[in-house]
Amino acid sequence: MTSRRNPSNRQPGRPADGTAEGAPQTPAQAPKVEFEETTPYDAYVRSSTLATLQRTMTDEPGEYMFLVLSQIMELYFNLIAFEWRTAQRALRDDDLSEALIALRRSNDHFRGLNASWGSFKWMTPTDFNAFRDALGEASGFQSFLYRHMEFLLGFKDPALMRPHKHVAGNHYAELVAAFEAPSLYDDALAYLSRQGYAVPQKVLDAEITRTHEWDAGVEDVWVKVYEDTGHGEPLRQLAESLTDIAEEFSTWRYWHLIAVRRAMGAKGGTGGSAGLTWLEKSLQRQAFPELWSARTRI
Ligand code: HEM
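According to the numbering used here, the sequence shown is numbered sequentially starting from 7.
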């Protein structure tokens, strides 16, 4: 694999696939096998660095899986947020087709992320107890990449930035910037407004650091979008892609809740919360609420 984004990674005189430029290729030609210092694959993917990041606290085999899956999910959080920011830039440029491609990619990634919960089914409370104490106060509640996703979805609770306030590095500054920036939904509604849909002015002018609240006028807009468009039309696809995102996010929360219930029942969490009851409350919060309520009227 070679970076297509960064042509400077290419070896001079070699095309992107690593073969000698212009060399004739036969169907049976084998890949190149001799490299110095590093392989071009490792230089690009950094798999040797990735493989050093699984430092468990115990020798419990189940902890290794817990750590690797947590890291995989963190990578997905980052990737999904990247796609949403790409979609936001496209929406601001009134480029709906680019935005739709990024949103569709994000939903494909989300399905991969949510499939990861299957790896947790084996974990009984006995298995989790075997390494739980070694986690100390570590909890996914402190995941700054997850908070980025929530801010992009329009869930803006400033208290959730506090765990990062005194932490070294620029995570806190980046979180504050995401908190103070428009959400994906803000950008979608602003786009609809520019397309002539009657998004209420008070919604467009609302303080972007506040969690989006359900609004009757926004519900009217989505009802109209569905009435105006047929299957496959871009505005219908925007509505459906956002609905998919809201659904996948709720699905993530639901499977997390089930994994918690299987692994520790109703005990308190390592992060200090009441555990299940606290998570059940956050599961009830619905992203893009008018896209759901509009369905009753269509
Ligand atoms: C069986 C495995 C898991 C258990 C028992 C568990 C337990 C919990 C509990 C009890 C909480 C509530 C806060 C607390 O008091 O700690 C929580 C929150 C959270 N966990 Fe997990 N967790 C598990 C796996 C994961 C994984 C793999 C991730 C992926 C990174 C993750 C990400 C999160 C996030 C993002 C929150 C905050 C949710 C919110 O703010 O609504 N958890 N977890």
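We put the beta carbon where it would ideally sit given N, CA and C, even for glycine.
Please confirm whether any heavy atom of the ligand HEM lies closer than 7 Å to the CB of Thr64. Not under cutoff, so the answer is no.
Should Leu119 and Met63 be called a contact, given that it needs their Cβ atoms to be closer than 8 Å? Leu119 places its beta carbon 8 Å or farther from that of Met63.
Segments of 4+ residues assigned as alpha helix (DSSP H) that fall wholly inside the segment 168 to 256: Those alpha helix (DSSP H) runs which fall completely within the segment 168 to 256 and span 4+ residues are 177 to 185, 190 to 200, 207 to 210, 222 to 234.
Look at the Cβ atom of Leu109, then the Cβ atom of Ile304, and state whether they are nearer than 8 Å. Contact: no.
Restricting to Cα atoms, I'd like to know which of Gly223, Phe161, Ile214, His170 is closest to Phe255. The candidate whose alpha carbon is nearest that of Phe255 is Phe161.
Starting from Val74, trace the alpha helix (DSSP H) in both directions and tell me its first and last residue. Val74 -> alpha helix (DSSP H) spans 67 to 98.
Answer yes or no: the CB of Met270 versus the heavy atoms of the ligand HEM, is any distance below 7 Å? At least one heavy atom of the ligand HEM is nearer than 7 Å to the Cβ of Met270, so yes.
Can you look up Leu151 in the DSSP assignment and give me helix, strand or coil? When DSSP states are grouped into helix, strand and coil, Leu151 belongs to the helix group.
Pairwise C-alpha distance: Met71 and Arg271: Correcting the residue type first, residue 271 is Gly in the shown sequence and not Arg. CA-to-CA, the gap between Gly271 and Met71 works out to about 20 Å.
Can you look up Ala269 in the DSSP assignment and give me helix, strand or coil? Three-state DSSP puts Ala269 in a helix.
Near the ligand HEM: Ala265 beta-carbon under 7 Å from a heavy atom: Under cutoff, so the answer is yes.
Figure out for me which residue from Asp193, Val227, Ile214 has the closest Cα to the Cα of Gly202. Comparing Cα positions, the closest option is Val227.
Closest Cα partner of His177 within the set Trp90, His218, Leu151, Asp100: It is Leu151 whose Cα lies nearest to the Cα of His177.
Mark Leu81 as exposed unless 16 or more other C-beta atoms lie within 10 angstroms of its C-beta, in which case mark it buried. Leu81 should be labelled exposed.
Own chain, CB closer than 7 Å to Glu66, minus 5 neighbours either side, in chain order: Correct list, in chain order: Ala136, Phe137.
Hey, would you say the C-beta of Phe147 is under 7 Å away from at least one heavy atom of the ligand HEM? Taking non-hydrogen atoms of the ligand HEM into account, the C-beta of Phe147 is found less than 7 Å away from one of them.
If you reduce the DSSP assignment to three classes, tell me which class Pro164 lands in. Three-state result, Pro164: helix.
Going by Cα to Cα distance, which pick from Ala36, Ser54, Pro37, Gln35 is closest to Glu43? Closest option to Glu43, Cα to Cα, is Ser54.
Comparing C-alpha positions only, which one of Glu156, Ala174, Ser76 sits nearest to Leu166? Here the closest residue by C-alpha is Glu156.
Cβ of His262 within 7 Å of any heavy atom in the ligand GTP? No copy of the ligand GTP occurs in the structure displayed; its ligands are the ligand HEM alone.
What do you get for Glu219, buried or exposed, if any count of 16 or more other CB atoms within 10 angstroms of its CB means buried? By the beta-carbon neighbour count (other beta carbons within 10 angstroms, threshold 16), Glu219 is exposed.
Counting pairs of beta carbons, one from the segment 182 to 201 and one from the segment 92 to 109, are three or more of them closer than 8 Å? In short, these stretches touch, since the Cβ pair count reaches three.
Over the uninterrupted alpha helix (DSSP H) stretch that includes Gly118, give me the two end residues. Under the DSSP assignment, Gly118 falls in the alpha helix (DSSP H) whose first and last residues are 102 to 121.
What is the DSSP secondary structure of Leu59, reduced to helix, strand or coil? Reduced to three states, the DSSP call for Leu59 is coil.
Taking the alpha helix (DSSP H) that Asp5 falls in, what are its first and last residues? Look at the range of the chain in this structure, 7 to 304, and you will see that residue 5 is not part of it.
Taking Pro240 and Leu106 to be in contact with their CB atoms under 8 Å, please state how far apart those CB atoms are, rounded to whole angstroms. About 6 Å separates the CB atoms of Pro240 and Leu106; that is less than 8 Å, so the two are in contact.
When the Cα atoms are used, what is the spatial distance from Glu286 to Val39? Going from the Cα of Glu286 to the Cα of Val39 covers about 53 Å.
At a cut-off of 7 Å, is Met167 close to the ligand HEM when judged by its beta-carbon and the heavy atoms of the ligand? Checking the 7 Å criterion, the Cβ of Met167 is out of range of every heavy atom belonging to the ligand HEM.
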